[in-house]
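I have placed the structure first, in the form of structure tokens, so that the comments after it can refer back to it.
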Amino acid sequence: MPLPSPIDTRKLRIRCLHVLLAFGTAVSLAACGGDDDDNGNPSTPPPAAQESATAQLALLASTDLHFNVRSYDYFKLAEDPSYGFERTATLIREARKAFPNSLLVDNGDTIQGTALADYEAQVEPIPCGQQLSMYKAMGVLQYDAGTLGNHEFNYGLPFLNQALGGGLNVEGVDASKRCAGPGFPMALANVKSVKTNETLLPPYVILDREITATQEDGDTVKLPIKIGLVGLTTPGIMNWDKRHLQGKVTVEGGLEAAQRYVPEVRAQGADLVFVLLHGGMSDAQYSSDMENPGLYVAQVPGIDGLVMGHQHGVFPDRGTNPAYKFNGVDNQAGLVHGVPAVMPSSWGKALGVIDYALKWDGAKWQLDRSKTKVELRNILTGKNSQGANQYVAADAAVAAAVEAQHNAAIEYVKTPIGDSDFRMSTLFADVGDPGAIQLVNQAQQSYVSQYIQDNLPEYASLPVLSISAPFKAGFQGGSDYTDVAAGDLAIYHAADLYLYPNTVYAVKVNGAELKLWLENAALRFNQIDPAKAEDQWLIKDTKTGQVPPGKSPFAGYNFDMFTSADIQYEIDVTQPEGSRIKNLRYRGEPVDGKEFIVATNNYRAESSARYILGDGKEFDIVYASPDANRDVVINYIKAHPHITRAENGSARSWRFTPVNTAGAVLFKSGKNALGVAQEAGLENVSLVTADDGSGEERAVYRIDLSQD
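Counting from 105, one number per residue, gives the positions in the sequence shown under our numbering.
Below, the structure written as structure tokens:
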């Protein structure tokens, strides 16, 4: 059996130094530092429990579920067994059978990410007395605790307050509100309310549990254990959701918060201390705003286990080319500076499991670190006789718990809004096809232009441009591309064209800054040596092994591009980073000395300036819209319902600088897709391998850089 669930009042206590929020969970409380159990009896174990004993305890962890309750793609209106919490649930049930003593935790980025999430937050907001479908599904498995990721803040603090059950004492929020909540306690140690100067949530929880142990004579006995959990999120929330958080909360670095609270949890008597870090690992020098500080947090004394996330990666990675090859990281053992650690992928694809061997000496617990085992259990189980991927079965109880809301979201996204005469795809956006990006840029440009004309006459003389990126660019596999078939267009197609719930921002830049922006986007590509006879990979992508040693990947959603005949430029991939943008012109003239308004999104405008313009630099934001980019795209299609390639999908702003290469230049994309490139006019693309053998539905293509 698992440890008693968070809705079971037996032996469950949460201690903290802050007022505990009401999360809709029946728990009994004790004063900080108290040692009484739920009945007021001393916690000294009875004589039988004072004998030495051994036990196993498994920490089970999910992360970055992103509201993927069902194995269902709302953008394709189709089942997709390669992800989904309903399959993670099967792994959880299997793990609980293997480990009678277990603790189940979630590491954040849980309540945003699908059309169902947007439906419950923005379209038909969930009532206060009803749980979010994601939390309702998690309730089927009875989670013990969790923390928040950056995307928990995407819908604003009032919505977060409701989703968590109320009680957030922060400016602009009704702290007295009490709602259904997640059904399990949350901890968050590095975000403070400006209003109270206290942490927004309890910085940690301590769970009093009983576990089954085996005495030396073979008898089993129930013994008490205290488990502390400290929650941390990424400081990037202050940039990415600045419009929601500025002046209302502050963020402390992950390392500093861990150094503050881990010893405090130990002092409260915790036998085991786990850190739930919504962040991954980087070996860059530490700073308090570091997005992925796992390598440093693990070095804080007193941590028995580390759950990581945010990067959508895997750890431990026992493959041939693991992503985390830093000093202090042991992929085989699953250790970060000696601390057992997991990062269980994303979207419910895997479950992190840390199996601890415990020794009871009659008074306290000790870890036998030599017997600790770390693993990821994947929903992908192998291939069938036809070579197709096989996955664990879905958990029927999870599907049933959300069926009504799932169906309501499907009906919503089916709402028709227009039609298209071509296939809008990002399958070949990396090599020049603007088919799924131009429409987004047109919608953003039209929206910002109109606003400036109506409200900002001081900028009316400046050209308005729009920039966007292929938000789905194959990271999750060969089917992870925007791909909207010709024919009728519905709301779910617009959601596929613009994946995230960002809002439209407009920034003023000069010609030099515009070039820096595009140089940053060109980091997507490896440097190609024209004289090299061997094959070379064009795109930096760790998922496909295309990143040379010493180089970092560059996500497709950061590959910003213009798609307008007004602005033209070349990308010379034979040149080093920072020197690739050539012949940048606006209406045939150099951009030097000119100023522009660029329509973009809040993430790019608020948090990307230091990467694009340099450390310490900020964009000049002229308009921070409250309207979502996705809604702007939907409204644009409604106003221009007949979408055509000629008007909305063929304007190429950029090209590769022509160069002859001695060897082949290769890239990967989805299978059976060469026709998409051909229809987009990319005659320099050819198929090399129909299946790259990865099991991720990828094919290998060649691009002839000598052809335009």
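Cβ atoms here follow ideal geometry from the backbone N, Cα and C, with glycine treated the same way. These numbers were taken from a predicted model, which means no experiment stands behind them.
### Query
Helix, strand or coil: how does DSSP classify residue 681 here?
Numbered from its first residue, the sequence shown carries residue 681 at position 577. In this structure, residue 681 counts as coil in the three-state DSSP scheme.
### Secondary structure of residue 693, DSSP reduced to three states
Looking up residue 693 in the sequence shown gives position 589. Correct three-state label for residue 693: strand.
### Task
Counting only the same chain and skipping the five closest in sequence on each side, list residues whose C-beta sits under 6 Å from that of residue 109.
Indexing the sequence shown from 1 puts residue 109 at position 5. For residue 109, the predicted structure reports a pLDDT of 38, less than 50, and the residue's modelled location is therefore unreliable. A value from the coordinates is still provided. Excluding residues within five positions, the ones whose Cβ falls inside 6 Å are 246.
### Message
By the three-class DSSP mapping on this structure, what secondary structure does residue 220 have?
### Response
Position 116 of the sequence shown holds residue 220. DSSP places residue 220 in helix when its eight states are reduced to three.
#### Entry: For residue 806, the first and last residue of its enclosing beta strand (DSSP E)
Indexing the sequence shown from 1 puts residue 806 at position 702. Element bounds for residue 806: 802-807.
### Task
Can you say whether residue 128 is buried or exposed, counting buried as having 16 or more other CB atoms within 10 angstroms of its CB?
What you label residue 128 is simply residue 24 of the sequence shown in a count that begins at 1. Bear in mind that a pLDDT of 37 at residue 128, under 50, signals an unreliable position, so the model cannot answer this.
### Query
Are the CB atoms of residue 165 and residue 448 nearer to each other than 8 Å?
On the sequence shown, position 61 is the one that residue 165 refers to. On the sequence shown, position 344 is the one that residue 448 refers to. Yes.
### Query
For residue 341 versus residue 313, is the C-beta spacing smaller than 8 Å?
On the sequence shown, residue 341 is found 237 positions in, with the first residue counted as 1. On the sequence shown, residue 313 is found 209 positions in, with the first residue counted as 1. No, the Cβ-Cβ distance between residue 341 and residue 313 is not below 8 Å.
### Message
Within a Cβ cutoff of 6 Å, which residues of the same chain sit near residue 683, ignoring the five residues on either side of it in sequence?
### Response
Here residue 683 is taken as the residue at index 579 of the sequence shown, counted from 1. Here the set comprises nothing.
### Query
Of all the options 732, 592, 348, 551, which has the alpha carbon lying nearest to the alpha carbon of residue 528?
The residue you call residue 528 lines up with position 424 of the sequence shown. Of the candidates 732, 592, 348, 551, the one whose C-alpha sits nearest the C-alpha of residue 528 is 592.
### Task
Have a look at residue 792 and residue 779 and give me their C-alpha separation to the nearest angstrom.
For the purposes of this step, residue 792 is taken as the residue at position 688 of the sequence shown. For the purposes of this step, residue 779 is taken as the residue at position 675 of the sequence shown. Whole-angstrom Cα-Cα distance: 14 Å.
### Task
Determine the direct distance from the alpha carbon of residue 690 to that of residue 673, and round the result to whole angstroms.
Taking the sequence shown and counting its residues from 1, one reaches residue 673 at position 569. Taking the sequence shown and counting its residues from 1, one reaches residue 690 at position 586. Whole-angstrom Cα-Cα distance: 9 Å.
### Message
What does the alpha-carbon distance come out to for the pair residue 279 and residue 309?
### Response
Here residue 279 is taken as the residue at index 175 of the sequence shown, counted from 1. Here residue 309 is taken as the residue at index 205 of the sequence shown, counted from 1. Rounded to whole angstroms, residue 279 to residue 309 spans 20 Å at the Cα level.
### Query
What number of angstroms, rounded off, separates the C-alpha of residue 407 from the C-alpha of residue 641?
Numbered from its first residue, the sequence shown carries residue 407 at position 303. Numbered from its first residue, the sequence shown carries residue 641 at position 537. In a straight line, the C-alpha of residue 407 is about 40 Å away from that of residue 641.
### Query
With burial defined as no fewer than 16 other Cβ atoms inside 10 Å of the residue's Cβ, what is the status of residue 487: buried or exposed?
Here residue 487 refers to the residue found at position 383 when the sequence shown is read from its first residue. Exposed.
### Message
Among 268, 720, 435, 543, whose alpha-carbon lies nearest the alpha-carbon of residue 737?
### Response
Position 633 of the sequence shown, counted from the start, is the residue given in the question as residue 737. Among 268, 720, 435, 543, the Cα nearest to that of residue 737 is on 543.
### Task
Mark residue 210 as exposed unless 16 or more other C-beta atoms lie within 10 angstroms of its C-beta, in which case mark it buried.
Indexing the sequence shown from 1 puts residue 210 at position 106. Answer is buried; the Cβ neighbour count reaches 16.
### Outcome for residue 191 when other beta-carbon atoms lying within 10 angstroms are tallied against a minimum of 16
As a working mapping, residue 191 is identified with position 87 in the sequence shown. So residue 191 counts as buried.
### Query
Below 8 Å, can you find three or more Cβ-Cβ pairs linking the region 343-358 to the region 394-404?
yes
### Query
Quick one, are the C-beta atoms of residue 178 and residue 514 less than 8 Å apart?
Taking the first residue of the sequence shown as position 1, residue 178 is located at position 74. Taking the first residue of the sequence shown as position 1, residue 514 is located at position 410. Yes, these two residues count as a Cβ contact at 8 Å.
### Query
Helix or strand or just coil, what does DSSP make of residue 813?
With the chain covering 105 to 812 only, the question about residue 813 has no answer from this structure.
### Query
In the DSSP assignment, what are the bridge partners of residue 673?
Locating residue 673 in the sequence shown gives position 569, counting from the first residue. Looking at the DSSP assignment, residue 673 forms a beta bridge with 758.
### Message
Let's see if you can read the secondary structure: which residues bound the alpha helix (DSSP H) around residue 600?
### Response
Here the question's residue 600 lines up with position 496 in the sequence shown. First-last of the alpha helix (DSSP H) with residue 600: 595-601.
### Query
Just the Cα atoms here: how many angstroms apart are residue 452 and residue 256?
Residue 452 sits at position 348 when you count from the first residue of the sequence shown. Residue 256 sits at position 152 when you count from the first residue of the sequence shown. Their Cα atoms are separated by approximately 17 Å.
### Query
Taking just the CA atoms, how far does residue 762 sit from residue 811?
Within the sequence shown, the letter at position 707 stands for residue 811. Within the sequence shown, the letter at position 658 stands for residue 762. The alpha-carbon atoms of residue 811 and residue 762 are separated by roughly 6 Å.
### Reference residue 425; option with closest CA among 293, 645, 415
For the purposes of this step, residue 425 is taken as residue 321 along the sequence shown, with counting starting at 1. Here the closest residue by C-alpha is 645.
### Query
Hey, residue 747 and residue 556: beta-carbon distance below 8 Å or not?
Here the question's residue 747 lines up with position 643 in the sequence shown. Here the question's residue 556 lines up with position 452 in the sequence shown. Not a contact, by the Cβ cut-off of 8 Å.
#### Entry: Distance CB(residue 794)-CB(residue 772) smaller than 8 Å
Reading the sequence shown from its first residue, position 690 is the one you call residue 794. Reading the sequence shown from its first residue, position 668 is the one you call residue 772. Their beta carbons are not under 8 Å apart, which means residue 794 does not touch residue 772 by this criterion.
### Message
Is the separation between the beta-carbon of residue 606 and that of residue 716 shorter than 8 Å?
### Response
Taking the sequence shown and counting its residues from 1, one reaches residue 606 at position 502. Taking the sequence shown and counting its residues from 1, one reaches residue 716 at position 612. Their beta carbons are not under 8 Å apart, which means residue 606 does not touch residue 716 by this criterion.
### Query
Whose CA, out of 234, 214, 726, lies closest to the CA of residue 251?
Position 147 of the sequence shown, counting from 1, holds the residue named residue 251. The shortest Cα separation from residue 251 among 234, 214, 726 belongs to 214.
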